[in-house]
Amino acid sequence: MKNTLVLIPGVGANEMIWQHQKRHLENEFDIRIVVANQSNDRDVLIETILDPLPDQFYLCGHSFGGWLAQIIASTYPKRVKKLILINTWSRCSQSFIAFIQDVLYKIETGIFKKFVEDTFSTTNLAQDRDNKLTLLKQMLLSAEPQSYVNQYQAILKSCETVSLLSNISASTLIIHSKEDSFFSLKESQFIKQNIPIAKLALLHDCGHNSPLEQPQAITALVDLWLTI
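Residues 4 to 231 (the numbering used here) are what the sequence shown spells out, left to right.
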C-alpha cells in the first residue's frame, strides 16, 4: 500500500500548481491535493483536510498551505510522518497584514483582477518559455473571490504559528525561494530554528510560486525528503 502524500496549495491556488509533483510522484505515493477554502475558520479548514485522510500521512504545504500544515503537524503530531513547508511564514509582519487588508479591499470594491495582476510581481518568470505566467493567471482567476476572502480572513484571525513550532515532531524540510517577495530568508531560518528536527533548502532564480516556477526542483526535493 502506498503512503499518502497530502499537498495543500496557497491562497487562490488549486490542483494546477501541483501538477508536476502529482504527475511524477503518483507512482510512489497516494497523492491527495486538498484546496482549503470552504471557511474563514482555520479549525474548520483543518477538519475538512483531515476527515478523509488515513491515520498517518506525509504533509506538504505551500504558502497558506504551509501555514495550515504547521498547525496540523503541531496539533496532531502522531499523524504527520514527515513535513514539507514551502514559501511560508510563522511570524506576521505589518507589511503582510497590510497586504492582506489591501487584497480584501480590492475584492470588496470589485477590482479583483487588479489583485491578480499585482500577484505577478511575486514571481520570477522573466523567461516564460512554458507559459507559466499564463497558467498562474488562469489558476488565480478561476478561484471565486469568496475563496480568497475565506482564506485571508482565516489568516487574519490567527496569523502567527510561533508558539506551535516546538510541538512539531515530524522531520521537516523548509524550502525557501531567494526571490520570494512575500517571505524573507530570515523567516524560513526562524522556522527551521524553532522546529526540533528541520532542514532548510534554498532555490535560486525563483519567486513565491515555486511549485509552478521551478516544478522539477520542488518535485526532486519532495521525493528526496520523503524517501531518505
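Just so it is clear, CB atoms sit at the ideal spot from N, CA and C, and this is done for glycine as well.
Quiz item: Since T91 is in the beta strand (DSSP E), which residue starts that stretch and which ends it?
Solution: Numbered from its first residue, the sequence shown carries residue 91 at position 88. T91 -> no beta strand (DSSP E), and no H or E assigned at all.
Practice problem: On the DSSP bridge assignment, give the partners of R35 in chain order. | Solution: Here the question's residue 35 lines up with position 32 in the sequence shown. DSSP lists V9 as partners of R35.
Quiz item: By DSSP, does K85 sit in helix, in strand, or in coil?
Solution: For this step, residue 85 is matched to residue 82 along the sequence shown. In the structure shown, K85 sits in a strand (DSSP, three-state: E or B).
Quiz prompt | Closest by C-alpha distance to T137, when choosing among E190, N153 and E120 | solution = As a first step, residue 137 must be located in the sequence shown, where it is residue number 134. Of the listed residues, the one whose Cα sits closest to T137 is E120.
Practice problem: Figure out for me which residue from A201, N43 and D183 has the closest Cα to the Cα of Q149. | Solution: Position 146 of the sequence shown holds residue 149. Checked all of A201, N43 and D183; the closest Cα to Q149 is N43.
Exercise. State the beta-bridge partners of K202 as determined by DSSP.
Key: If you number the sequence shown from 1, residue 202 lands on position 199. Note: K202 sits in a beta bridge opposite L176.
Quiz item: For H2, does the three-state DSSP call read helix, strand or coil?
Solution: The structure shown has nothing for residue 2, since the chain only spans 4 to 231.
Practice problem: Could you check the C-alpha separation between K116 and D105 for me, to the nearest Å? | Solution: The sequence position of residue 116 within the sequence shown is 113, counting from 1. The sequence position of residue 105 within the sequence shown is 102, counting from 1. Rounded to whole angstroms, K116 to D105 spans 13 Å at the Cα level.
Quiz item: Any idea what DSSP makes of F60, helix, strand or coil?
Solution: For the purposes of this step, residue 60 is taken as the residue at position 57 of the sequence shown. DSSP places F60 in strand when its eight states are reduced to three.
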